[in-house]
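Novice:
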Amino acid sequence: MALHLKVPSMVCDGCVETVTEAIKALDADAKVDINLETKDVNADTTASESAVREAITAEGYTVN
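So in our numbering the end of the sequence shown lands on 64, straight run, no missing numbers.
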């Protein structure tokens with residue numbers, strides 16, 4: 001499933017890594033593309049959108 005989310009609280013490359021790892025913890029084969037400038041997170045994953053949102057939120061980030 002292709003997901004597109006906004007994560008406005010990402011501010012650095014460390015944030016990108018943390019969000020990527022949160023998604024990959026749900027689906028190790030997920031393809032994750034994050035644009036830090038626009039705060040866009042695109043993921044092609046077998047995990048549900050709600051699970052991905054919950055995983056990112058659990059790391060302390062806001063998901064729109």
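Every residue gets a Cβ at the ideal spot worked out from N, C-alpha and C, and that includes glycine.
1) Quick check on DSSP: helix, strand or coil for V63?
2) Among T46, N35, D13, whose alpha-carbon lies nearest the alpha-carbon of K29?
3) Using the beta-carbon count (16 or more within 10 Å), is V41 buried or exposed?
4) Under the assumption that A43 contacts V52 (Cβ atoms under 8 Å), give the Cβ distance between them as a whole number of angstroms.
5) Say whether chain D places a C-beta atom closer than 7 Å to the C-beta of P8.
Specialist: In this structure, then:
1) coil
2) Checking the sequence shown, residue 29 turns out to be Asp, not Lys. Ranking the options by Cα distance to D29, first place goes to T46.
3) buried
4) 6 Å
5) Judged by its chain identifiers, the structure shown contains no chain D, having just a single protein chain.
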